[in-house]
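Using the working numbering, the first residue of the sequence shown is number 536, and each one after it goes up by one. Even glycine gets a Cβ: it sits at the ideal position worked out from N, Cα and C. Only one structure is covered here, and it is reproduced in the block below.
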Amino acid sequence: MSQSLPNFHIITFGCQMNVNDSAWLARSLRARGFQETARPEDAGVIILNTCSVRDKPEQKVYSQLGRLRSIFDRNPEAFAAVGGCVAQQLGDSLPKRFPYVRLVFGADGAAMAPQAIERLVREPRLSLSLVDFSEEYAERDTLAGESRDGDISGTAGQAFVSIMQGCDNFCAYCIVPYVRGRQKSRTAASILAECESWVDRGVREVTLLGQNVNSYGQDAAGAGQPTFAELLRQVAAIDGLERLRFTTSHPKDIAPEVVEAFGELETLCPALHLPLQSGSDSILKSMGRKYDRERYMRIVRRLRKVRPGMQITTDLMVGFPGETEEDFLQTLGAMEEADFAQSFSFMYSDRPGVRAARMLDKIPEELKAERLARLQTLQHDLTTRTLANMVGSESLLLIEGVSKKQPESRHNAGTAARKEAASASAGPEFDGVTSACVRGRDPYGHVVNMRLPEECDPESIASGSLARARILMAKKHSLLGELVGEPW
536 MSQSLPNFHI
546 ITFGCQMNVN
556 DSAWLARSLR
566 ARGFQETARP
576 EDAGVIILNT
586 CSVRDKPEQK
596 VYSQLGRLRS
606 IFDRNPEAFA
616 AVGGCVAQQL
626 GDSLPKRFPY
636 VRLVFGADGA
646 AMAPQAIERL
656 VREPRLSLSL
666 VDFSEEYAER
676 DTLAGESRDG
686 DISGTAGQAF
696 VSIMQGCDNF
706 CAYCIVPYVR
716 GRQKSRTAAS
726 ILAECESWVD
736 RGVREVTLLG
746 QNVNSYGQDA
756 AGAGQPTFAE
766 LLRQVAAIDG
776 LERLRFTTSH
786 PKDIAPEVVE
796 AFGELETLCP
806 ALHLPLQSGS
816 DSILKSMGRK
826 YDRERYMRIV
836 RRLRKVRPGM
846 QITTDLMVGF
856 PGETEEDFLQ
866 TLGAMEEADF
876 AQSFSFMYSD
886 RPGVRAARML
896 DKIPEELKAE
906 RLARLQTLQH
916 DLTTRTLANM
926 VGSESLLLIE
936 GVSKKQPESR
946 HNAGTAARKE
956 AASASAGPEF
966 DGVTSACVRG
976 RDPYGHVVNM
986 RLPEECDPES
996 IASGSLARAR
1006 ILMAKKHSLL
1016 GELVGEPW
């Protein structure tokens, strides 16, 4: 059957969980004999993995499907599959509007999507919908198509492992519980087995994923499972694992034992993404976040006490219904108090069915935009300071590959004129650099472009290897360093 299978192409919107789902789906389809193509024009199956968290996501999906129409007009046997949050939200209305959409699958239906696509290829008149929620975590062959001979191409030594699905918090602005369902925890045994399998294949860093990892095990499906802090210790103990991360955390649920783990587990990276959303207690209450600013700051202070140098990143929302100028100023004050290394900020927008959509006192779009600009200006200053403070230090990098920008003809840059030309060709991110660079990430998650000795070929440093770098310069969104010692 594999000879007649069409090529496939995946377009992914949204969060890291969607990226992880798309990566698994690609592996699973390849294991079944499908071939992935870089261009949708060359595919017989086009998969859209969608997100409904931000503004007007349905329109983005409609626009994308409209742009793809010509492909299906040219090839009547080709079809589209739409998965993720928007698929869950819109359901059977998608095939009615776009007849070439023959598969709709939600978060719980993703585990059955590869088999469904195979069936659709065999039965060209069939359409399928997989949008029912399950009461248990739907296990799947997470490493389908990955051999044990060290072939981890595309991972750059990193793996993302889902530990749960859905959310029980029902924050006033958030559509996640409605499109990903209620919380369902995966068994610790299956999580550990997947982590161990990735490490066996050469992965050095694992990130545990969930809508709210700190509430892992606190649901019917997770009965009898360890606490999240205990799970962290079990994963950190895997022989050969160099780095451990997790995302996302809800401040109301982060246990003291999880905070203490940052001071006890060397493998646990000294960085945490901890969404604040607002620095105003009244707005936090209206959002249904169930913590106040002081509780959040106590967590931050404790994290930095148990792990000096800890960096905190966050999510911030402006323009929530009823937000006053004073509320907004409290958010700016909280940003400075927490000294966020980075933040992901956005303007509030109504999501269908959520409580905030029915709230009055909506903030005008122009005011939301103005507040967002002020917030991002402050964050730029905080990020600049964070990166500048790292200059002169040494850091361990997980190598992702050759840097996208390289000096021109480094091997022929023997004269001053050639070196000057090479530096100029590199652009502002590479001022003064005349040797080749590889790109890696430090334990905080910052991109570091690491220059190499003249005699070192960047292609010889494998993706997924580790290397120590001395930080020489802070750039706008990254760092510049130089290799110290030998990679391994």
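Between the C-alpha atoms of Ile710 and Ala1002, what's the straight-line distance to the nearest angstrom?
41 angstroms
Tell me Gln693's beta-bridge partners as DSSP assigns them.
Glu740
Straight-line CA distance for Ala815 to Phe863?
Reading the sequence as shown, one finds Ser at residue 815 and not Ala. Near 7 angstroms, if we compare the C-alpha coordinates of Phe863 and Ser815.
Just verifying my parser: in three-state terms, what is the DSSP assignment at Ser930?
strand
For Ser930 and Ala806, the rounded distance between their alpha carbons:
14 angstroms
Grab me the residues of Ile1006's own chain with a C-beta within less than 8 angstroms of its C-beta, minus the 5 sequence neighbours each way, in chain order.
Met925, Val926, Gly927, Ser928, Glu929, Ser930, Val983, Leu1014, Leu1015, Gly1016
For Glu989, is the classification buried or exposed, using 16 other Cβ atoms within 10 angstroms of its Cβ as the cut-off for buried?
exposed
Just mark Thr690 as buried or exposed, buried being the case when its beta carbon has 16 or more other beta carbons within 10 Å.
buried
Starting from Ala1004, trace the beta strand (DSSP E) in both directions and tell me its first and last residue.
1001-1009
Cut-off 6 angstroms between Cβ atoms - residues of its own chain near Ala578, not counting five sequence neighbours on either side:
Asn542, Phe543, His544, Thr572
At the level of alpha carbons, what is the spacing between Gly641 and Lys903?
32 angstroms
Determine, using beta-carbon pairs with one atom in the segment 785-801 and one in the segment 750-769, whether at least three such pairs fall under 8 angstroms.
yes
I need the straight-line Cα distance from Thr547 to Ala796, nearest angstrom please.
33 angstroms
Taking Cβ positions, are Gln846 and Ser878 nearer each other than 7 angstroms?
no
When Arg736, Gly619, Tyr672 are compared against Gln718, the one with the closest alpha-carbon:
Tyr672
Do you know offhand how far Ala908's Cα is from Pro978's?
29 angstroms
Considering only the beta carbon of each residue, do Gly868 and Val841 sit closer than 7 angstroms?
no
Relative to the alpha-carbon of Glu740, which residue among Val889, Ser732, Gln746 has its alpha-carbon at the smallest distance?
Ser732
How would you label Trp1023, buried or exposed, when you count the other beta carbons within 10 angstroms and need 16 or more for buried?
exposed
Which runs of the beta strand (DSSP E) fall wholly inside the segment 571-600 and span at least 3 residues, in chain order?
580-585
If you draw a straight line from the alpha carbon of Phe781 to that of Ala772, how long is it in whole angstroms?
15 angstroms
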